[in-house]
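S.K.: Dumping the structure here so I can ask a few things about it.
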Amino acid sequence: MMQITKIFRFEMAHAIHGYDGPCKHIHGHSYILHVTVSGYHTQQNYLPAPGFIMDFKALKKIVQQHIIQQFDHALLLSGEFIANNPASNSHNNLMLFPAEPTAENLLIFIRNTLQEHLPKEVHLKSLLLYETNDAYAAWYND
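When the sequence shown is numbered by UniProt numbering, its final residue is 142 and no position is left out of the sequence of numbers.
This is the structure we're talking about:
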């Protein structure tokens, strides 16, 4: 197996319902997302023309279209948060998220979405989602 990684950045706000800490309030992060995909190749031979597992431009287009454009400068809130904080429903950039928008749940959403849109011969290998410079959630396809 050989793998490639592309890094993406986006700004997003969220709040975590049911959390007894500062993250229960609406706040934002400068997220950094690492997307790693893999493809099969033999150890002794070069990749056939054009010599890619996947073109970085094609990977960028998929991630931009299906992830970044939805999340960048959006406010992600769960239905439970909105039900308990009705005023939060008035934001123009609000995206209703099907679970609490934690880094872990975002990775599940990103994984499921990308697996739908990647070419069949390309496999999603791992995702890293940094909320801060020193805190991230990771998903690995074992």
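Quick reminder that beta carbons are idealized off the backbone N, C-alpha and C, glycines included.
Between Val122 and Asn92, what straight-line distance do the alpha-carbon atoms span, to the nearest angstrom?
M.R.: Roughly 36 Å separates the two Cα atoms.
S.K.: What does Ile4 pair with, by DSSP beta-bridge criteria?
M.R.: Val37
S.K.: Closest to Lys61 by CA distance: which of Ala49, Tyr40, Glu104 and Leu118 is it?
M.R.: Leu118
S.K.: Considering just the uninterrupted stretch of the alpha helix (DSSP H) at Lys132, what are its terminal residues?
M.R.: The amino acid occupying residue 132 in the given sequence is Thr; Lys does not appear at that position. Element bounds for Thr132: not the alpha helix (DSSP H) but the beta strand (DSSP E), His123 to Thr132.
S.K.: Give the range of the beta strand (DSSP E) segment to which Ala74 is assigned.
M.R.: Ala74 to Ser78
S.K.: With DSSP as the reference, label Glu104 as helix, strand or coil.
M.R.: helix
S.K.: For Cys23 and Tyr46, what's the separation of their Cα atoms in angstroms?
M.R.: 48 Å
S.K.: With burial defined as no fewer than 16 other Cβ atoms inside 10 Å of the residue's Cβ, what is the status of residue 144: buried or exposed?
M.R.: Only positions 1 to 142 of the chain appear in the structure, and residue 144 is not among them; the question remains open.
S.K.: On the three-state DSSP scale, how would you describe His25?
M.R.: coil
S.K.: From the DSSP output, read off the bridge partner residues of Glu11.
M.R.: Ser30
S.K.: How would you call Glu100, buried or exposed, if buried means at least 16 neighbouring beta carbons within 10 angstroms?
M.R.: buried
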